[in-house]
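Student:
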Amino acid sequence: MRTSTSAVLERLGAGSATISELAEPFGMSLTGMKKHVRLLEEAELVTTEKIGRARTCTLVPYAFEGISTWLQRLDRFAHIVERTKGAR
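Numbering-wise (my numbering), the sequence shown opens with residue 9 and increments by one.
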């Protein structure tokens with residue numbers, strides 16, 4: 009099973025989860041998952057909150073809004089490049 013930051017983000021897209029809940033499907037240690045989560049926190053894509061003994065992870069609202077805008081601009085640029093190539 010793939011263990012990647014994108015898979016963790018995909019899982020959190022379905023709702024908040026504890027580090028244990030994130031680690032289990034990947035067969036990862038808690039320490040390994042904590043490293044993934046820490047990177048996501050540093051990138052400001054995820055927040056964590058300690059509730060009792062568990063640390064709950066949540067996607068940051070609107071964290072991907074800037075990425076979406078950038079991708080739309082990139083798509084428009086690619087369209088212009090393709091159209092320009094065809095005009096030659």
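A virtual CB, placed ideally from N, CA and C, is assigned to each residue, including glycine.
Owing to the predicted nature of the structure, the values given are computational and were not obtained by experimental measurement.
(1) Grab the span of the alpha helix (DSSP H) containing E29 for me, first residue to last.
(2) Could you check how far apart the C-beta atoms of V68 and T56 are, in whole angstroms? I think they sit under 8 Å.
(3) What residue does the beta strand (DSSP E) around V54 start on, and which one ends it?
(4) Smallest Cα separation from G60: which of L79, I75, T13, T26?
(5) The alpha helix (DSSP H) spanning A15 covers which residue range?
Tutor: Result, derived from the coordinates:
(1) 27-31
(2) With a Cβ gap of about 11 Å, V68 and T56 do not count as contacting.
(3) 54-59
(4) T26
(5) 13-21
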